[in-house]
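Please read the structure below before turning to the comments.
2 protein chains.
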Amino acid sequence: MKAQPGHFYAVGVGPGAPDLLTLRAARLLEACDAIVAPRSERSEASLVLAIVAEHLRDQEVLEHTYPMARDAERTRASWAEVADWVAPRLARGQCVVQITLGDPMIYSTSSYLLEALRERVSSDLLHVVPGISAMQAAAALFQEDLALQEDRLTLLPATDLEAVAEALARSETVVLYKVAGHLDALIDLLEAKGLLDQARLSFAVEQGRQQLVSDLRLARGTRLGYMSTVMIRTGRRAWA
Amino acid sequence: MKAQPGHFYAVGVGPGAPDLLTLRAARLLEACDAIVAPRSERSEASLVLAIVAEHLRDQEVLEHTYPMARDAERTRASWAEVADWVAPRLARGQCVVQITLGDPMIYSTSSYLLEALRERVSSDLLHVVPGISAMQAAAALFQEDLALQEDRLTLLPATDLEAVAEALARSETVVLYKVAGHLDALIDLLEAKGLLDQARLSFAVEQGRQQLVSDLRLARGTRLGYMSTVMIRTGRRAWA
Numbered sequence: 047m048k049a050q051p052g053h054f055y056a057v058g059v060g061p062g063a064p065d066l067l068t069l070r071a072a073r074l075l076e077a078c079d080a081i082v083a084p085r086s087e088r089s090e091a092s093l094v095l096a097i098v099a100e101h102l103r104d105q106e107v108l109e110h111t112y113p114m115a116r117d118a119e120r121t122r123a124s125w126a127e128v129a130d131w132v133a134p135r136l137a138r139g140q141c142v143v144q145i146t147l148g149d150p151m152i153y154s155t156s157s158y159l160l161e162a163l164r165e166r167v168s169s170d171l172l173h174v175v176p177g178i179s180a181m182q183a184a185a186a187l188f189q190e191d192l193a194l195q196e197d198r199l200t201l202l203p204a205t206d207l208e209a210v211a212e213a214l215a216r217s218e219t220v221v222l223y224k225v226a227g228h229l230d231a232l233i234d235l236l237e238a239k240g241l242l243d244q245a246r247l248s249f250a251v252e253q254g255r256q257q258l259v260s261d262l263r264l265a266r267g268t269r270l271g272y273m274s275t276v277m278i279r280t281g282r283r284a285w286a
Numbered sequence: 047m048k049a050q051p052g053h054f055y056a057v058g059v060g061p062g063a064p065d066l067l068t069l070r071a072a073r074l075l076e077a078c079d080a081i082v083a084p085r086s087e088r089s090e091a092s093l094v095l096a097i098v099a100e101h102l103r104d105q106e107v108l109e110h111t112y113p114m115a116r117d118a119e120r121t122r123a124s125w126a127e128v129a130d131w132v133a134p135r136l137a138r139g140q141c142v143v144q145i146t147l148g149d150p151m152i153y154s155t156s157s158y159l160l161e162a163l164r165e166r167v168s169s170d171l172l173h174v175v176p177g178i179s180a181m182q183a184a185a186a187l188f189q190e191d192l193a194l195q196e197d198r199l200t201l202l203p204a205t206d207l208e209a210v211a212e213a214l215a216r217s218e219t220v221v222l223y224k225v226a227g228h229l230d231a232l233i234d235l236l237e238a239k240g241l242l243d244q245a246r247l248s249f250a251v252e253q254g255r256q257q258l259v260s261d262l263r264l265a266r267g268t269r270l271g272y273m274s275t276v277m278i279r280t281g282r283r284a285w286a
């Protein structure tokens, strides 16, 4: 995939380490004219811009502070503004890249920007470049399979513990995002199900200050940042 | 992550396109002394070696034909042989990389080799480098979210249709691997559940000869290769 004039690329830059960028992402960044870099309301600097720093030169950069509230209307309005910045640049024949943490199709803001852009430009001009997700980075660091043989893997937010309990009953691996604020209740649930020893907590994986916790008992009461992941292996569904 | 003498790296090379390799994978390959490249019994050439061709120079390469039968004992014996090839090279201070399609922690042979190596060398010498999975590549090409907001994503093999039906009932996105041999029965199931229009079939994504099928009705009776993926969106679990 090569950067084409007038095209837009939603590019996943991986979990945090600059060398977990794909070659495709690196080449698109180096060749493009303008970059949209999301910054959460809670952070001072754009984490994604730091990840891709070695591929930046004189590209125009829009740092866009997006709302972290779970508010569909505010979210939509915020990304419509970004699309209004991107669309005229595409019309002028510029190549625009949005960089996003992890993978653009997994709990990512790219979905909102793509939706807004589809209302403004031909969908033939829109592309998505996958990136390494935090789930994969955590599994690699713990060296724990996400799935093998006949296993089922479920990924979901930790926000609804009833859904988590359901997933635990029907998956060999469960990965939970958005654990912050739910950790102690989650530990209680895993303890009740006898699964605490098979759970692993990671925070800010591949971001230089990562933390890997193999015994969740030690994490009780911790105030986690929002980039926390818990991975639970309930068993194995091997070949018959 | 830098290639260290005496260390082993299970490296995911992504779904097929050489530019979906991560920078980390490329650098490890360029720096290492020996490479293990799995080749399935069913293919003539090693697909993974073709993906990384531009990073090869004079590294020693072990092309290892692994059994595709669902036979735990044969699988274990086969990977023990590879571990017996790797371990003495690590002891001599060489850096060894195993390349594997997709991600080493998602339905990958790396799990078997790592298990065999843990019996032979210190686990401090073993590393895993994540790679883009076929699921992510397919989602990027279809521009369909794998998960957004409160969505649940389940990944499982299509071999057990009862488990597939369960997953459909409790996930907003279901991704099925190993669809070959089960496609027509799967189409029947999706038709009965009114989900056929929300299903997407992909084959050999990012391998130069990829096929993307947005209407599964057209695929009935097709003899698929084993690198087929079906992605079904059952709905959306948005913010309250």
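As given, the protein sequences belong to chains A and B, one line each in that order.
Residue 47 is where the first sequence starts when you use our numbering, and the numbers rise one by one after that.
Residue 47 is where the second sequence starts when you use our numbering, and the numbers rise one by one after that.
Glycine is no exception: its CB is placed at the ideal position from the N, C-alpha and C atoms.
Practice task
Tell me whether the beta-carbon of Glu252 of chain A lies closer than 7 Å to the beta-carbon of Ala63 of chain A.
Solution key: Taking a C-beta distance under 7 Å as the contact criterion, Glu252 of chain A and Ala63 of chain A qualify as a contact pair.
Handout entry: N- and C-terminal bounds of the beta strand (DSSP E) containing Leu171 of chain A
Key = No beta strand (DSSP E) contains Leu171 of chain A, which DSSP labels as neither H nor E.
Practice task
Give the range of the beta strand (DSSP E) segment to which Ser86 of chain A is assigned.
Solution key: Here the beta strand (DSSP E) through Ser86 of chain A covers Ala80 to Ser86.
Problem - Element boundaries [alpha helix (DSSP H), containing Ala184 of chain B] - result: Ala184 of chain B -> alpha helix (DSSP H) spans Ala180 to Phe188.
Handout entry: Boundaries (first-last residue) of the beta strand (DSSP E) holding Ala49 of chain B
Key = No beta strand (DSSP E) holds Ala49 of chain B; DSSP gives it neither H nor E.
Problem - Distance, Glu161 of chain A Cα to Phe188 of chain B Cα - result: Spanning the alpha carbons of Phe188 of chain B and Glu161 of chain A requires a straight line of approximately 13 Å.
Exercise for the section: Count the other C-beta atoms from every protein chain shown that fall within 10 angstroms of the C-beta of Gly148 of chain B, then say buried if there are 16 or more, exposed otherwise. Expected result: Counting the other Cβ atoms within 10 Å of the Cβ of Gly148 of chain B gives 16 or more, which makes it buried.
Problem - Beta-carbon proximity of Ala213 of chain B to Leu202 of chain B, cut-off 7 Å - result: Closer than 7 Å, so yes.
Exercise for the section: May I have the straight-line CA-CA distance separating Leu229 of chain B from Gln257 of chain A, to the nearest angstrom? Expected result: Each residue's alpha carbon lies about 42 Å from the other.
Handout entry: Opposing strand residues paired with Leu202 of chain B [DSSP bridges]
Key = According to DSSP, Leu202 of chain B bridges with B:Leu222.
Practice task
Output the distance between the C-alpha atoms of Leu194 of chain B and Gly254 of chain A, rounded to the nearest integer angstrom.
Solution key: Distance between the alpha carbons of Leu194 of chain B and Gly254 of chain A: 26 Å.
Exercise for the section: Using the Cα positions of Ser179 of chain B and Val259 of chain B, report the straight-line distance between them to the nearest angstrom. Expected result: C-alpha separation (whole angstroms): 19 Å.
Exercise for the section: Determine, using beta carbons only, whether Asp170 of chain A comes closer than 7 Å to chain B. Expected result: Put simply, the CB of Asp170 of chain A is far from chain B, with every gap to its CB atoms at 7 Å or more.
Handout entry: Cβ pair count under 8 Å reaching 3, the segment 96-114 of chain A against the segment 51-70 of chain A
Key = Yes, the segment 96-114 of chain A is in contact with the segment 51-70 of chain A.
Practice task
With Ala245 of chain A as the anchor, note down where its beta strand (DSSP E) starts and where it stops.
Solution key: Where Ala245 of chain A is concerned, the enclosing beta strand (DSSP E) starts and stops at Ala245 to Phe249.
Practice task
Compile a chain-ordered list of the residues in the segment 94-123 of chain B whose CB is closer than 8 Å to at least one CB of chain A.
Solution key: Under the 8 Å Cβ criterion, the segment 94-123 of chain B contributes Arg116, Asp117 and Ala118.
Handout entry: Buried or exposed (CB count within 10 angstroms, at least 16 for buried), Trp125 of chain A
Key = By the Cβ-count criterion, Trp125 of chain A is buried, with 16 or more other Cβ atoms from all chains shown falling within 10 Å of its own Cβ.
Practice task
Leaving out five residues on either side along the sequence, give the residues of the same chain with a beta carbon under 6 Å from the beta carbon of Pro150 of chain B.
Solution key: Here the set comprises Ala56, Gly58, Ser156 and Val174.
Practice task
Helix, strand or coil for Tyr153 of chain B, going by three-state DSSP, please let me know.
Solution key: Here Tyr153 of chain B sits in coil by DSSP.
Problem - Closer than 7 Å to chain B by CB, Leu67 of chain A - result: Yes, Leu67 of chain A counts as interfacial toward chain B.
Exercise for the section: Can you give me the Cβ contacts of Pro176 of chain A inside the same chain, cut-off strictly under 6 Å, excluding the 5 residues immediately before and after it? Expected result: Closer than 6 Å at the Cβ level, and outside the excluded window around Pro176 of chain A, lie Gly58 and Asp149.
Problem - Where Pro150 of chain A meets chain B, residues with beta-carbon distance less than 8 Å - result: Per Cβ cutoff of 8 Å: Ala186.
Practice task
Count the other CB atoms, across all protein chains shown, that sit within 10 Å of the CB of Leu136 of chain A; report buried if there are 16 or more and exposed otherwise.
Solution key: Leu136 of chain A is buried by the Cβ-count criterion.
Problem - Residue-level contact to chain A via CB, Glu87 of chain B, 7 Å cutoff - result: Not an interface residue.
Problem - Contacting residues, own chain, Cβ-Cβ under 8 Å from Asp79 of chain B (five flanking each side not counted) - result: The answer, listed in chain order, is Gln105, Glu106, Arg135, Gln140, Cys141 and Val142.
Handout entry: is_contact[Val221 of chain B, chain A] using C-beta, thresh 7 Å
Key = No, no contact with chain A.
Practice task
Could you confirm whether any beta carbon from chain A is found closer than 7 Å to the beta carbon of Ala83 of chain B?
Solution key: So, not an interface residue.
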